[in-house]
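Engineer: Protein sequences appear in the order of chains A and B. Every letter in the first sequence is one number past the one before it in our numbering, and letter 38, counting from 1, is 43. Every letter in the second sequence is one number past the one before it in our numbering, and letter 241, counting from 1, is 936. For glycine and all other residues, C-beta sits at the position ideal for the given N, C-alpha and C.
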Amino acid sequence: MDRYLLTTQSLMKEYDDLIAVDNLNLEIKEGEVFGFLGPNGAGKTSAIKMMVGLLTPTSGQVLFNGKEIGSAEKGIIGVCPQELVLWESLTCDENLTFMGNMYGIPRSILREKVNTLLEALALSDKANEEVSKLSGGMKRRLNVALSLVHDPVIVFLDEPSAGLDPQSRLLLWDFIRSLRDKEGKTIVLTTHIMEEADALSDRIAIIDHGKLLLLDTPEGLKKTIGRGDIVEIQLADAMVNKRVTTLIKSLEGIEEVKELRGRVTVRALNATSKLPQIIDLIESADGRVLDISIRGNTLEDVFIYLTGRDLRE
Amino acid sequence: MKFINIASKGIKETFRDRKGFLFLMTFPILFVILFAFAFGNGFTPFFTRGSNPHEIAVINHDKGETVYLDNVIQQRDFGDSFSRLLGNATYENSSTNLFHLNNVSEDKANDMLKSRSIDALIIIPENFSGAFTSMINSSVRTEITSTVGAQAMGNIIAGQNPTPNTVAASNPLPQVGNVTAALIIKGDTGYIDFGTTQTAITELLEHYKNSVIGEATAGASVSIGMPKNPIPSDFISAEILSISGTQSFSLFDYLVPGLIVFGVLLQVSIIATSLTREIQTGTLNRLKLSKMRSFDLLLGTFISWLLITMIQVLVLIIVAIALGYKWQGGISSLWLATVIGIIAGMASISLALLIAAFVTNERQAGSLSAMIAVPMAFLAGAFMPLPKEAIGQFNGRTYQIYDILPWTHAISALRSVLTYGSGLNGDVIFEVRFLIILASILFVVGVFTFSRVRLRAER
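1. Are the CB atoms of Ile931 of chain B and Met830 of chain B within a distance shorter than 8 Å?
2. Give a single yes or no on whether Ser932 of chain B has its beta carbon closer than 7 Å to a heavy atom of the ligand SAH.
3. Which residues in the same chain as Leu1009 of chain B place their Cβ atom closer than 8 Å to its Cβ, once the five residues preceding and following it in sequence are excluded?
4. I'd like to know if Ser94 of chain A contacts chain B, where contact means its C-beta is closer than 8 Å to some C-beta of that chain.
5. Does Val917 of chain B come out as helix, strand or coil in the three-state DSSP assignment?
6. Which one or two residues does DSSP pair with Asn234 of chain A in a beta bridge?
7. List the DSSP bridge partners of Gln239 of chain A.
8. So with Cβ pairs under 8 Å, would you call Asn1056 of chain B a contact of chain A?
9. So what does Val20 of chain A bridge to, in DSSP terms?
10. Can you name, in chain order, every residue of its own chain whose Cβ lies under 7 Å from the Cβ of Glu973 of chain B, other than the five neighbours on each side?
11. Output needed for Gly75 of chain A: all residues of its chain with C-beta closer than 8 Å, excluding positions within five of it in sequence on either side, in chain order.
12. Assuming Pro952 of chain B and Ala877 of chain B are in contact, meaning their beta carbons sit under 8 Å apart, how far apart are those beta carbons, in whole angstroms?
13. Determine the chain A residues that contact Ser985 of chain B at a beta-carbon separation under 8 Å, and present them in chain order.
14. Assign Lys923 of chain B to one of three DSSP states: helix, strand, or coil.
15. Could you run through the stretch 59-79 of chain A and flag, in chain order, every residue whose CB is less than 7 Å away from some CB of chain B?
16. For Leu139 of chain A, collect the residues of the same chain with a Cβ closer than 8 Å to its Cβ; drop the 5 residues on either side in sequence, then sort them by chain order.
17. By alpha-carbon positions, which one of B:Leu1029, B:Trp1030 and B:Gly1036 ends up nearest to Trp1000 of chain B?
18. Of the residues A:Trp178, A:Leu169 and A:Thr191, which one's Cα is nearest the Cα of Ala204 of chain A?
19. Per DSSP, Ile754 of chain B is paired with what?
20. Taking only beta-carbon positions, decide if Glu134 of chain A is within less than 8 Å of chain B.
21. Does DSSP classify Ala864 of chain B as helix, strand or coil?
22. Between Leu42 of chain A and Ile211 of chain A, how many whole angstroms is the CB-CB distance? I'm expecting something under 8 Å.
23. According to DSSP, His795 of chain B sits in a beta bridge with which residue or residues?
24. I'd like to know whether the C-beta of Ala1194 of chain B is nearer than 8 Å to at least one C-beta of chain A.
25. Measuring only between beta-carbons, confirm whether Thr971 of chain B sits less than 8 Å from chain A.
26. Output the distance between the C-alpha atoms of Glu260 of chain A and Asn246 of chain A, rounded to the nearest integer angstrom.
27. Find the residues of chain B that neighbour Pro165 of chain A, judging by a C-beta separation of less than 7 Å, and give them in chain order.
28. Check for me: the beta strand (DSSP E) holding Arg8 of chain A runs from which residue to which?
29. If Leu240 of chain A and Gly292 of chain A are in contact, beta carbons under 8 Å, what's the gap, nearest whole angstrom?
30. Please tell me whether Arg1149 of chain B has its Cβ less than 8 Å away from any Cβ of chain A.
31. Starting from Glu88 of chain A, find everything on chain D with Cβ-Cβ shorter than 7 Å and list it in chain order.
32. Between which two residues does the alpha helix (DSSP H) carrying Tyr1115 of chain B extend?
33. Drop a sphere of 10 angstroms on the beta-carbon of Ser15 of chain A, count the other beta-carbons inside from all chains shown, and report buried for 16 or more, exposed for fewer.
34. In its own chain, which residues sit with a C-beta less than 6 Å from the C-beta of Gly83 of chain A, not counting the 5 before and 5 after it?
35. So for Asn30 of chain A, helix, strand or coil by DSSP?
36. Anything in chain B within Cβ reach of Leu151 of chain A, meaning under 8 Å, just list it in chain order.
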């Protein structure tokens, strides 16, 4: 049976006229990577701050192992914030050692932990380099390491791979997987890279305007929302986009048609079989296809569908 | 001991931020230089003086002495000889004289010392030559006995009669007296030129003793590959006679205590900015999630900045002295002033905590700190005497409105110690006690406010 490590119950955060987090109910399982997605300003950071005890909720509560988070033992949580939160004039080693000392880790254990983290995140060569002299990617990796030096039970990784090159990102993904698979850590991951959320998360919650919109596995989300394939058509004359959109809507089996960024975007089950009909309709409307592409449904489509910042606008 | 880790981190950060540290140290120093230039008496920093002769006066009370030298009985006046040496000594690889001898009476020389017309007054005691004679006889006797001993040993090894008569015959053993003398080097130990002058004279005396002994023992030895005996050093010594309060004080001398406190107040800006950076960059949130307590953070911050305050106060004092600052009471006054400066620094750190509790970014921290610290320096009387604005009487003392500022008491205490050479007397103890009480109150308020606003979960 699944054991829930961290739960939020009717969590609310209000600032004057703004409701940042609105009645948020989440249950995070022990040992899972929990994707926590939402557009900018959706209330993710406020929710995370309340979950880790840095922000007092207006109402509701956060429970860790059934106990109020405020009374939980310090050190059970690790937080890798979205921003680079490092002591720039200290070296990588000094940053990690200092943070370990702040958690009261015994010296011998801390030394080993620091070395392990530096090696795992490919920073061993830079152990004695001042942070101010590191590249952006190295700083980002050190930012992650700092959240793990005290061996927390649950780790919040807030956009850990922002600004990383593909190599560093793959290294980080492997590292996150190993945290879950080898060390049994529970990870709450927020990211704007849908590919990352899809690749790493066991379950994903999508929030917007402070509210939970949907919570499921990545596959479940893709099945539930935005079923089918996406066809994107660029016409020679954008003036006919509207007429074409209306015509395609009338076809059977079409889930959704929108005009987006000068293109006609169609979502349909088995879209390939619908292509000849779609092209006939375009030609009947005196349109000429410049470019056409077809792809499977992605988590990004689900995200955009739910948060309404792309397909719906 | 997390506070030690925090203090250590703070020190590393401060020293590694070279520009910030340079600003911290140089800004108050610039003020000291400007004030020395504007209000000093004939602004002549020591480093601009070059290799000029040190002005000294030599009062020679030496009576002379008969001495056995070069196998001949001679009348020698070592005081005269040493005086001539002082007059003729030059800087290394230079024709510039090391000293300029002022031919004046002892009374006149004392007056000149007080007005700093001379850097030091050298008094050669009446038994100076007597002590030299004893030293020479002791050296010669030691040299002969060791040489005779060495010859006897040589004879024994060669299977001959061990009695060495050649050396003994040509070098009769001199009698060693027990006369000792102290060359007095008189001056203001708080005056940097006295320091350099007395060092040069002491070295010259040692050099002179070496050359006299070398000359005396040259004829008494037989070269058999034995090392020379060490030169006895008990017979003639140099003694420093300290006087204080030379020359009248300039406005600069009056202002230096205020400048020290001004420097300590300027730290408010740096400390508040540094604490705000910790908030702004999010590192404080990292620390809040750890097992660190408010006490660790604040005590650690406090310790690191106290150390930096100590360095700043010392640097300020050294720069002021280099620029001709005259203070009373010698080195002990300087140490006492440093301690007072550090306690004033405690008040500055507390004020910085208070400011950092309310500002939202580094720019605000810097601006607000300057807005508070600079007027505070004026209000505390750092630059000018303050008008009387009594707020009440207690225990026979009248208290002024600005007495509520800890820095007012720091400046009063520093002036008493440095300008008037008071030492740790009743007035100074009163001011320091007041300073400690006010700084402690400010510290408690600062710690409480910062902890409440910054170290709890946001609302």
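Structural biologist: Short version:
1. Mapped onto the second sequence, residue 830 of chain B falls at position 135. Mapped onto the second sequence, residue 931 of chain B falls at position 236. The answer is yes: Cβ separation under 8 Å.
2. Absent from the structure shown: the ligand SAH. Ligands present: none.
3. Numbered from 1 along the second sequence, position 314 holds the residue referred to as residue 1009 of chain B. For Leu1009 of chain B, where only same-chain residues beyond five positions count, the Cβ hits under 8 Å are Thr1033.
4. By 1-based counting over the first sequence, the position of residue 94 of chain A is 89. By this cut-off, Ser94 of chain A is an interface position.
5. Position 222 of the second sequence holds residue 917 of chain B. Residue placement at Val917 of chain B is flagged as unreliable, the pLDDT there being 46, under the threshold of 50; the coordinate-derived value follows with that caveat. The answer is coil: DSSP assigns Val917 of chain B none of H, G, I, E or B.
6. Numbered from 1 along the first sequence, position 229 holds the residue referred to as residue 234 of chain A. Note that residue 234 of chain A is Asp in the sequence shown, not Asn. A:Ala273.
7. Residue mapping note: residue 239 of chain A aligns to position 234 of the first sequence, counting from 1. Gln239 of chain A pairs with A:Asp296.
8. Stepping through the second sequence from its first residue, residue 1056 of chain B is reached at position 361. Cβ-Cβ to chain A under 8 Å: no for Asn1056 of chain B.
9. On the first sequence, position 15 is the one that residue 20 of chain A refers to. The sequence shown places Tyr at residue 20 of chain A, not Val. Answer by DSSP bridge pairing, in chain order: A:Leu23.
10. Taking the second sequence and counting its residues from 1, the one referred to as residue 973 of chain B is at position 278. The residues are Leu979.
11. For this step, residue 75 of chain A is matched to residue 70 along the first sequence. Only Gly58 meet the Cβ criterion.
12. Mapped onto the second sequence, residue 952 of chain B falls at position 257. Mapped onto the second sequence, residue 877 of chain B falls at position 182. About 36 Å separates the two Cβ atoms, so there is no contact after all.
13. On the second sequence, residue 985 of chain B is found 290 positions in, with the first residue counted as 1. Within chain A, the residues near Ser985 of chain B are Lys79, Gly80, Met104, Met107, Tyr108 and His155.
14. In the second sequence, counting from the first residue as 1, residue 923 of chain B sits at position 228. With a pLDDT of 48 at Lys923 of chain B, under the threshold of 50, the modelled position of that residue is not reliable, and no figure is offered here.
15. Leu59, Leu60, Thr61 and Lys79
16. For the purposes of this step, residue 139 of chain A is identified with residue 134 of the first sequence, where counting begins at 1. Hits under 8 Å: Cys97, Lys131 and Leu147.
17. Counted from its first residue, the second sequence places residue 1000 of chain B at position 305. It is B:Gly1036 whose Cα lies nearest to the Cα of Trp1000 of chain B.
18. For the purposes of this step, residue 204 of chain A is taken as the residue at position 199 of the first sequence. For Ala204 of chain A, the nearest C-alpha among the options comes from A:Trp178.
19. Within the second sequence, residue 754 of chain B is the residue found at index 59, counting from 1. DSSP lists B:Ile818 as partners of Ile754 of chain B.
20. In the first sequence, the residue the question calls residue 134 of chain A occupies position 129. So no, Glu134 of chain A is outside the interface.
21. By one-based count along the second sequence, residue 864 of chain B stands at place 169. Because the pLDDT at Ala864 of chain B is just 45, under 50, the model does not fix this residue reliably, and the value given afterwards should be weighed accordingly. Here Ala864 of chain B sits in helix by DSSP.
22. Within the first sequence, numbered from 1, the residue matching residue 42 of chain A stands at position 37. Within the first sequence, numbered from 1, the residue matching residue 211 of chain A stands at position 206. About 5 Å separates the two Cβ atoms, so the contact holds.
23. If you number the second sequence from 1, residue 795 of chain B lands on position 100. Paired residues: B:Glu750.
24. A query on residue 1194 of chain B cannot be resolved here, the shown segment of chain B reaching from 696 to 1154 and no further.
25. Along the second sequence, one-based indexing puts residue 971 of chain B at 276. Not one chain A Cβ lies under 8 Å of Thr971 of chain B.
26. As a first step, residue 260 of chain A must be located in the first sequence, where it is residue number 255. As a first step, residue 246 of chain A must be located in the first sequence, where it is residue number 241. If you take the alpha carbons of Glu260 of chain A and Asn246 of chain A, they lie about 18 Å apart.
27. As a working note, residue 165 of chain A is residue 160 in the first sequence. Per Cβ cutoff of 7 Å: no residues; Pro165 of chain A is ~15 Å from chain B at best.
28. Translated into positions along the first sequence, residue 8 of chain A becomes position 3. Neither: Arg8 of chain A is in no beta strand (DSSP E) and is coded neither H nor E.
29. Reading the first sequence from its first residue, position 235 is the one you call residue 240 of chain A. Reading the first sequence from its first residue, position 287 is the one you call residue 292 of chain A. That belief holds up - the Cβ atoms of Leu240 of chain A and Gly292 of chain A are roughly 5 Å apart, short of 8 Å.
30. In the second sequence, the residue the question calls residue 1149 of chain B occupies position 454. No, no contact with chain A.
31. Chain labels in this structure do not include chain D; the protein chains are A and B.
32. Counted from its first residue, the second sequence places residue 1115 of chain B at position 420. Neither: Tyr1115 of chain B is in no alpha helix (DSSP H) and is coded neither H nor E.
33. For the purposes of this step, residue 15 of chain A is taken as the residue at position 10 of the first sequence. It counts as exposed.
34. For the purposes of this step, residue 83 of chain A is taken as the residue at position 78 of the first sequence. Excluding residues within five positions, the ones whose Cβ falls inside 6 Å are Ser152, Leu153, Pro157 and Val160.
35. Numbered from 1 along the first sequence, position 25 holds the residue referred to as residue 30 of chain A. The answer is strand: DSSP assigns Asn30 of chain A an E or B state.
36. Locating residue 151 of chain A in the first sequence gives position 146, where the first residue counts as 1. Per Cβ cutoff of 8 Å: Arg981.
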